[in-house]
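Everything on this sheet refers to the single structure shown next.
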Amino acid sequence: MKNRAIAEVLSQQFGLHGDSVSLRPIGNGHINTTMLLKNKQRALVVQKLNTVVFPEPEQLVKNARKIEQHLENKAKDGGYELAIIRHVSTVSGDYLVDIEGEVWRALEFIGGSYSEDVVDSEQKAAVAANAFGQFASALDDFDATQLHHVIPDFHNLAMRIEMFEDVLSRDPQGRAAMCQEEIAFCRAQFSLAQEVANVEAQLPLRACHNDTKINNMLFCSESNKARAVIDLDTCMPGYWLYDFGDMVRTFCSPEAEDSTNLANVRVREEIFAALVKGYKGPLSASLTDTEKHSFILGAKVMPLMIGLRFLTDYLDGDNYFATKHSEHNLQRARNQFALYQDIVAKQVQLGHIIDAA
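Here the UniProt record's numbering is used: the first residue of the sequence shown is 1, the next is one more, and so on.
Pasting the structure below:
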């Protein structure tokens, strides 16, 4: 179905009327298709959900709406100052729309804002990390066990290793011969999975965002202050080390995650220090010593795990992440492995920054 026909169906479902309704792509997410649906009176973010990644989209919406309500209650008591991204129901009270077998939902559009793909200053890093810290702090008293595991084992490195080995053994696209160096590199790092398991056993279970990329935080267009934390699709029970680690992964390199300029893929220590300070600030009353010490492990494990996932998807024929060309996932994997290597090389120094913040 063409965009115009989709726009007509969605506008009817969500009550946007008139001849001026338009639908255009926004964002650059890897998983869902995100678009802006608007007329002269209203704008909505509409998404076609990837039901391969999210086979039970109802659970995704239920999770997000529970968190929305919790944040709204916090905001009423002055405990949360950021804008809250909210699901919008159809005129019949539903939150999901089926269009020829494709599942769509709508979210309130947060205007006067912008997002970043690469952090260009310490100030931006601190502001964004503080926003994710505020989000985590507001969920400190939220019972994480009431959330569905919309993607089971999402941050389970041991499971990601099993998936990698399974795909590699089958090599369905005959691509293994093109990445022997990357395969050997990954296998040399697999002992990290046991370290992760040992640390997780000592940590409190939290309601986590689980996708704290820099572009999942909106800045205010006028003030450049934090506007909102968005994309609650992967909010699930988890551990803060992964949320911190994904910030390191997406904040600290001066290159985008698919850049092929590997010589410039590195951890910028000043950005790392800014995000540590920004994230830890709102969590000061809740963060345990064990959690704080787990942050350096999170900084290592996230680029390694995401790189492994990119490499696995490359070997499997690019079935998970959206790609622009046949080598895209392999380039992403090489980028993430370069970042991981730099983090490992600077581990002691980065650990001192965490302890001093």
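The C-beta atom is built at its ideal place from N, Cα and C for all residues, glycine as well.
Endpoints, alpha helix (DSSP H) assigned at residue i
i: Glu-72; result: 57–76
i: Asp-289; result: 289–316
i: Asp-166; result: 157–170
i: Arg-175; result: Arg-175 -> no alpha helix (DSSP H), and no H or E assigned at all.
i: residue 372; result: The structure shown does not extend to residue 372, since the chain is modelled only from 1 through 357, so no value can be given for it.
i: Asp-355; result: 347–356
i: Val-53; result: Where Val-53 is concerned, there is no enclosing alpha helix (DSSP H), given that its DSSP letter is neither H nor E.
i: Val-276; result: 269–280
i: Asn-264; result: Run containing Asn-264: none; DSSP gives neither H nor E here.
i: Val-9; result: 3–13
i: Glu-200; result: 192–200
Outcome for residue i when other beta-carbon atoms lying within 10 angstroms are tallied against a minimum of 16
i: Glu-257; result: buried
i: Gly-307; result: buried
i: Pro-204; result: exposed
i: Arg-24; result: exposed
i: Gln-134; result: buried
i: Gln-349; result: exposed
i: Val-91; result: exposed
i: Ser-294; result: buried
i: Ile-26; result: exposed
i: Arg-187; result: exposed
i: Gly-238; result: buried
i: Thr-312; result: buried
i: Glu-269; result: exposed
Residues that DSSP places opposite residue i in a beta bridge
i: Met-35; result: Pro-25 and Val-46
i: Phe-219; result: Tyr-114 and Ala-226
i: Val-97; result: Trp-104
i: Met-236; result: Cys-208
i: Ala-333; result: Partner(s): none; Ala-333 has no beta bridge.
i: Val-88; result: Ala-106
i: residue 365; result: Limits of the chain in this structure are 1 at one end and 357 at the other, which puts residue 365 out of reach.
For residue j and residue i, the rounded distance between their alpha carbons
i: Leu-168; j: Thr-260; result: 24 Å
i: Val-344; j: Asn-63; result: 35 Å
i: Arg-332; j: Phe-310; result: 6 Å
i: Ile-354; j: Pro-172; result: 43 Å
i: Leu-96; j: Gln-69; result: 18 Å
i: Thr-6; j: Lys-48; result: Note that residue 6 is Ile in the sequence shown, not Thr. Ile-6 and Lys-48: Cα-Cα distance of roughly 10 Å.
i: Asn-28; j: Thr-34; result: 8 Å
i: Phe-219; j: Arg-170; result: 44 Å
i: Asn-329; j: Asp-318; result: 7 Å
i: Asn-335; j: Pro-254; result: 11 Å
i: Gly-174; j: His-352; result: 44 Å
i: Gln-180; j: Glu-108; result: 46 Å
i: Asn-3; j: Glu-100; result: 13 Å
i: Ala-193; j: Gln-41; result: 51 Å
i: Val-53; j: Ser-20; result: 33 Å
i: Met-322; j: Tyr-314; result: Residue identity differs from the one stated: residue 322 is Ala in this sequence, not Met. Computed Cα separation, rounded: 11 Å.
i: Glu-122; j: Ala-128; result: 10 Å
i: Ile-85; j: Asp-153; result: 25 Å
i: Thr-290; j: Phe-164; result: 30 Å
i: Ala-125; j: Glu-222; result: 17 Å
i: Val-150; j: Glu-56; result: 7 Å
i: Ser-11; j: Glu-102; result: 16 Å
i: residue 390; j: Ala-177; result: The question about residue 390 has no answer, for the chain in this structure spans 1 to 357.
i: Thr-51; j: Ala-106; result: 16 Å
Counting Cβ pairs, one atom from each stretch, are 3 or more of them under 8 Å apart for the segment 210–228 and the segment 114–121?
-> yes
Spell out a yes or no on whether the segment 278–286 and the segment 224–233 are touching, meaning 3 or more CB-CB pairs, one atom from each, closer than 8 Å.
-> no
Three or more C-beta pairs below 8 Å linking the segment 132–152 and the segment 283–293 | yes
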